[in-house]
Amino acid sequence: MQNKICVITGANAGLGFETAKALAEKQAEVIMICRSREKGELARQKIVDETGNEKTHLLLADLSSQRSVKDAADEINQRWKKVNVLVNNAATVRSKPILTEDGVETQFAVNHLSYFLLTHALMDSLRAGKEARVVNVSSGNHTKGEIHFDDLNLIQEYHVLKAYNQTKLANVLFTYELDRRLRQSGIQHVHAHCINPGLNKTRIGEKATNPLHALAWRLRAYMGMSPAEGAKCQVYVASAPELEGVSGKYWYKSVPVSSVAQSYDEALASRLWQVSESLCSIADYFAPGN
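Residue numbers are given in our numbering: position 179 of the sequence shown equals residue 763, and the series is strictly consecutive.
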């Protein structure tokens, strides 16, 4: 991984932090995208101290804001020119339906659209290297998800898990559709993967939820793996040399497995892609400089 540029979202804690640390240990140059300067800098310094890798950088972005996502991508494109690995890891869990500045429900904005938009905004840099990998972090919850095209914001009937499960299915649909469209566009050296990290001891479900939802998440997470163990799958998919040329897979415990049946519905994936393009005001996803 020496001389490879790796971008990880949500890198100040949990799976994102462990992924950034593991890639830094492999001597990659790591770009950590975090929302909080204070938490991000503490995490960055900890990684530098524990790995000795000074090529570990912090970029700030609010992934619920499309403007902020684009600004972060612009800085990466200008400073580094290429990206070898993009790990779309950041996610949020919210008890209430709060719309972002772009008019999108926050879970859908962070958990799906930020993946979709950041990958698009970094496409030129991803194409600049010999091989690049996009690793989208989904969840076993994708098996319970539905895409509610008539009400993506779930304003009419919102529930924290209904919203979360929708985004995790969207991650898998996006991965498969990205892989198909990359090949159709003649882009052979950018590869797309989706991973299920399993149940992990993280606090993602406690930060923006009511006391009942937070307690339920805490009790469930208690049975999970450590974040370091949970991150192993995405680190493997991001860095394993034997996966060069492999694309369009869904991974669990570092093994390619089948995702839920509806995730293979190409018409469903194409519709989600078109809606996502519209929500992000993207005219041509793969156009250079777009």
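Cβ atoms here follow ideal geometry from the backbone N, Cα and C, with glycine treated the same way. Bear in mind that the values here come from a model prediction, so they are computed numbers and not experimental data.
Close-in-space but distant-in-sequence residues of the same chain around residue i (CB under 7 angstroms, 5 per side omitted)
i: ASN794; result: Note on ASN794: pLDDT 49, under 50, position unreliable in the model; the coordinate value appears next. Closer than 7 angstroms at the Cβ level, and outside the excluded window around ASN794, lie SER679.
i: GLU685; result: SER649
i: LYS728; result: ASN749
i: GLY620; result: Inspection of the sequence shows that residue 620 is occupied by Ser rather than by Gly. For SER620, where only same-chain residues beyond five positions count, the Cβ hits under 7 angstroms are ASN596.
i: ILE731; result: GLN750, LEU753, ALA754, LEU852 and LEU856
i: LYS610; result: MET585 and SER823
i: ASP708; result: ASN661, PRO872 and GLY873
Nonlocal neighbours in the same chain, by C-beta distance under 6 angstroms from residue i, ignoring five residues either side
i: ALA608; result: VAL614, ILE631, THR635, ASN637 and THR640
i: ALA815; result: LEU599, GLU602 and THR603
i: SER843; result: VAL756 and TYR834
i: CYS590; result: LEU607, ALA612, VAL614 and VAL669
i: THR759; result: ASN720, ALA776 and CYS778
Neighbour-count burial assignment, residue i, 16 or more Cβ in a 10 Å radius
i: GLY789; result: Its pLDDT being 47, under 50, GLY789 is placed unreliably by the model, and the measurement read from it follows with that caveat. It counts as buried.
i: PRO811; result: buried
i: LYS665; result: exposed
i: GLN740; result: exposed
i: GLN818; result: buried
i: ASN720; result: buried
i: VAL667; result: buried
i: ASP763; result: buried
i: VAL653; result: buried
i: VAL830; result: exposed
i: ASN587; result: exposed
i: ALA845; result: exposed
Boundaries (first-last residue) of the beta strand (DSSP E) holding residue i
i: LYS833; result: 833-836
i: THR640; result: 640-644
i: LEU670; result: 669-672
i: ASN780; result: 774-780
i: VAL718; result: 716-721
Whole-angstrom distance between residue j and residue i, CA atom to CA atom
i: GLN768; j: GLU761; result: 10 angstroms
i: GLY770; j: CYS778; result: 21 angstroms
i: HIS743; j: HIS775; result: 34 angstroms
i: GLU861; j: ASN737; result: 16 angstroms
i: LYS837; j: PRO781; result: 7 angstroms
i: ARG855; j: ASP849; result: 10 angstroms
i: PHE890; j: LEU702; result: Given a span of 585 to 874 for the chain in the structure shown, any question on residue 890 remains unanswerable.
i: VAL859; j: ALA627; result: 35 angstroms
i: ALA674; j: ALA693; result: 11 angstroms
i: GLU715; j: VAL821; result: 13 angstroms
i: ASN695; j: ASP633; result: 30 angstroms
i: ARG717; j: ILE660; result: 16 angstroms
i: ILE682; j: VAL688; result: 8 angstroms
i: LEU706; j: VAL841; result: 28 angstroms
i: ALA712; j: GLY724; result: 33 angstroms
i: ILE617; j: LYS605; result: 13 angstroms
i: LYS746; j: GLY594; result: 22 angstroms
i: ARG765; j: GLU826; result: 23 angstroms
i: LEU643; j: GLN772; result: 29 angstroms
i: VAL671; j: ALA867; result: 24 angstroms
i: TYR869; j: GLU625; result: 32 angstroms
i: HIS726; j: SER847; result: 9 angstroms
i: GLY832; j: LEU710; result: 16 angstroms
i: GLN629; j: VAL839; result: 32 angstroms
Opposing strand residues paired with residue i [DSSP bridges]
i: GLU689; result: LEU683
i: GLU613; result: ILE589
i: CYS864; result: The partner list for CYS864 (beta bridge, DSSP) is empty, contrary to what the question assumes.
i: VAL839; result: TYR836
i: ARG711; result: Partner(s): none; ARG711 has no beta bridge.
Limits of the unbroken alpha helix (DSSP H) element including residue i
i: CYS817; result: 816-823
i: ALA845; result: Here ALA845 belongs to no alpha helix (DSSP H), and DSSP marks it neither H nor E.
i: GLN662; result: 650-663
i: LEU753; result: 744-768
i: VAL632; result: 621-635
i: THR676; result: Segment: none, THR676 is in no alpha helix (DSSP H) and carries neither H nor E.
i: MET703; result: Note that residue 703 is Thr in the sequence shown here, rather than Met. Run containing THR703: 698-705, per the alpha helix (DSSP H) assignment.
Residues near residue i in its chain [Cβ-Cβ closer than 8 angstroms; skip 5 each side]
i: ASP655; result: ALA645
i: CYS864; result: GLN650, LEU697, PHE700, LEU701 and HIS704
i: GLU828; result: GLU715
i: ASP735; result: GLU741
Min CB distance residue i to chain B below 8 angstroms
i: ASP633; result: Looking for chain B here will not work: only one protein chain is present.
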